[in-house]
């Protein structure tokens, strides 16, 4: 993994963070004490803070962030909200068993539905900083194949899910059908899936922050957010048993510290250095052709998810990917301050080379903005959510929690999940429909992972929708993961 100076460093400016709140350095002094310190102010950290206030409003919660709110992956993605697994359904069943694989799927959509419910109750609809503009796509999404192997694998996975009784509702598309829908003859076939949304994720985070920091009531204090406050270390005071977080703006002591730093978890938790790998991805925003302001009412994910695009309600086209075109695929790169010129060139060529509509009239495709973001890929492609006692040891890990490693979007494989018909604005029926695709999964699951962490921190029973396999030391492969770490550390002594 590439080394890089610690945050904050200058970053590329994403489409999603222009003129947004909480992007300047906090002027108020950092409190000396809190009940809970949350490190990281992305969707995971602010979800955790929001749920802590809902469950235990008397707790003093301080959120610290090395840069601005939602300045990491949440504010730099492709704007897709597309639940799913981080392995194929067959792989998930083989590794964890059928009941667990089904629970993974159920959790994704429970969290997706919870996000929609939060948006309906707490978010604005005026297009401003607190309006996530979550929009269900009328034609869902197209998973597009560019090689014969992708066609075969897609068909095989679809058949496997049919065999499991989970394939109701997906449509396998021929090359001609895909060409008719997309206006492109570049694809060999595809699968159409339903119930996929686009989302301004940063605005969802700002809405979480607004709810968490609303003025205190009789229940207790507000949540404090301190931007440009970089966590440098977390150590336990043997005299008090409390944790001291050393930051770039002072020290704060708390009984509990939640690490919600995703791709940067290793920066203050060295045990995760090779367990959560930063993976950089680039995205551009372009205007649609003047003669065709509305191009698609579906999302496209092509070439095993290496290229993905959507069109915003205002017509803006967001295209991300192409990291497979460079050596190493940008794995191990935590630097979102620069752009890879080869990827930049590939993104600019992709639309006119792939879609005839971008070649008509001789218009040049101009990228209005380009940025990159860093995802956190876990070794086993499941997030780490829970206590760190099993990782750091009972004494050092007591009161320390993690929610990280959400694994962004898929790399080389077809992913599968189940979605449900919408029967009302925010209600889901129980009739499953297959989704068989490569997706951006991290955004969906973070909201309820934040609730699960809040339940754990406060000692409440964890909701039955929580996936135990997310626990940092839960199953055999993860226990072996930390034993390997101990052996390697001992070998260096």
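Numbering (the UniProt record's numbering), first residue to last: 1 to 493. Virtual Cβ for every residue (Gly too), placed ideally from N, Cα, C. Since the model is a prediction, treat every value here as computed from it, not as a measurement.
Same chain only: Cβ atoms within 7 Å of residue i, ignoring 5 sequence neighbours per side
| i | result |
| --- | --- |
| residue 336 | 11, 12, 76, 280, 372, 373 and 374 |
| residue 339 | 12, 282, 370 and 372 |
| residue 446 | 43, 44, 47 and 406 |
| residue 210 | 130 |
| residue 36 | 52, 59, 61, 254, 256, 258 and 457 |
| residue 197 | 81, 134, 135, 136 and 137 |
| residue 493 | Below a pLDDT of 50, predicted positions are generally treated as unreliable, and residue 493, at 38, falls in that range; the measurement from the model is reported next regardless. The answer is none, since no qualifying residue turns up. |
| residue 123 | 130, 131, 132 and 207 |
Extent of the continuous beta strand (DSSP E) run through residue i
| i | result |
| --- | --- |
| residue 170 | Run containing residue 170: none; DSSP gives neither H nor E here. |
| residue 226 | 224-226 |
| residue 236 | 231-236 |
| residue 27 | Segment: none, residue 27 is in no beta strand (DSSP E) and carries neither H nor E. |
| residue 51 | Unbroken run through residue 51 is the alpha helix (DSSP H), 43-55; no beta strand (DSSP E). |
| residue 37 | 36-39 |
| residue 367 | 367-378 |
| residue 142 | 141-145 |
| residue 190 | 189-193 |
Boundaries of the alpha helix (DSSP H) in which residue i is found, first to last residue
| i | result |
| --- | --- |
| residue 351 | 341-354 |
| residue 119 | 98-122 |
| residue 153 | 148-163 |
| residue 392 | 389-392 |
| residue 175 | 175-182 |
DSSP bridge partner residues for residue i (one or two, in chain order)
| i | result |
| --- | --- |
| residue 80 | 198 |
| residue 251 | 246 |
| residue 400 | 257 |
| residue 308 | 301 and 320 |
| residue 203 | Residue 203 is not bridged to any residue. |
| residue 333 | In the DSSP output, where bridge partners are listed per residue, residue 333 has none listed. |
| residue 273 | The partner list for residue 273 (beta bridge, DSSP) is empty, contrary to what the question assumes. |
| residue 282 | 372 |
| residue 459 | Beta-bridge pairing links residue 459 to no other residue. |
| residue 384 | 404 |
| residue 64 | 39 and 226 |
| residue 33 | 253 |
| residue 213 | BP columns for residue 213 are empty, so no partner. |
| residue 136 | 197 |
Test item: CB-CB of residue i and residue j under 9 Å
| i | j | result |
| --- | --- | --- |
| residue 23 | residue 227 | yes |
| residue 111 | residue 444 | yes |
| residue 114 | residue 203 | no |
| residue 321 | residue 303 | yes |
| residue 195 | residue 30 | no |
| residue 104 | residue 85 | yes |
| residue 97 | residue 145 | no |
| residue 348 | residue 299 | no |
| residue 365 | residue 231 | no |
| residue 240 | residue 26 | no |
| residue 108 | residue 132 | no |
| residue 181 | residue 139 | yes |
| residue 307 | residue 319 | yes |
Supposed close pair residue i, residue j - CB separation, criterion 8 Å
| i | j | result |
| --- | --- | --- |
| residue 403 | residue 450 | 7 Å |
| residue 357 | residue 295 | 7 Å |
| residue 313 | residue 363 | About 22 Å separates the two Cβ atoms, so there is no contact after all. |
| residue 205 | residue 376 | Between residue 376 and residue 205 the Cβ distance is about 16 Å, and since that is not below 8 Å, they are no contact. |
| residue 287 | residue 378 | Contact doesn't hold; Cβ gap of about 37 Å is too wide. |
| residue 478 | residue 380 | 7 Å |
| residue 254 | residue 243 | 6 Å |
| residue 468 | residue 474 | 5 Å |
| residue 272 | residue 263 | Residue 272 to residue 263, Cβ: 10 Å. No contact. |
| residue 252 | residue 32 | 6 Å |
| residue 73 | residue 63 | The Cβ separation is near 17 Å, so there is no contact. |
| residue 397 | residue 291 | Actually they are not in contact, since the Cβ atoms of residue 397 and residue 291 sit about 60 Å apart, beyond 8 Å. |
Proximal residues to residue i (C-beta, below 6 Å), its chain only, five neighbours per side dropped
| i | result |
| --- | --- |
| residue 14 | 75, 76 and 371 |
| residue 411 | Low confidence applies to residue 411: its pLDDT is 27, below 50, so where it sits in the model is not reliable, and the reading given next is rough at best. Cβ within range, chain order: n/a, list empty. |
| residue 430 | In this predicted model, residue 430 has a pLDDT of only 28, less than 50, meaning its place in the structure is not dependable; the value taken from the coordinates is given anyway. Cβ neighbours of residue 430 beyond the five flanking positions: none. |
| residue 185 | 179 |
| residue 141 | 193, 196, 298 and 299 |
| residue 235 | 244 |
| residue 466 | 452 |
| residue 471 | 386 |
| residue 448 | 111 and 114 |
Beta-carbon proximity list for residue i, same chain, < 8 Å, skipping 5 on both sides
| i | result |
| --- | --- |
| residue 401 | 256, 257, 258, 259, 386, 387, 388, 453, 456 and 457 |
| residue 293 | 315 |
| residue 426 | Any reading at residue 426 must be qualified, since the residue scores a pLDDT of 32, below 50, and its modelled position is unreliable; the value itself is stated next. Correct list, in chain order: 113, 116, 117 and 120. |
| residue 326 | 340, 342 and 343 |
| residue 28 | 224 and 226 |
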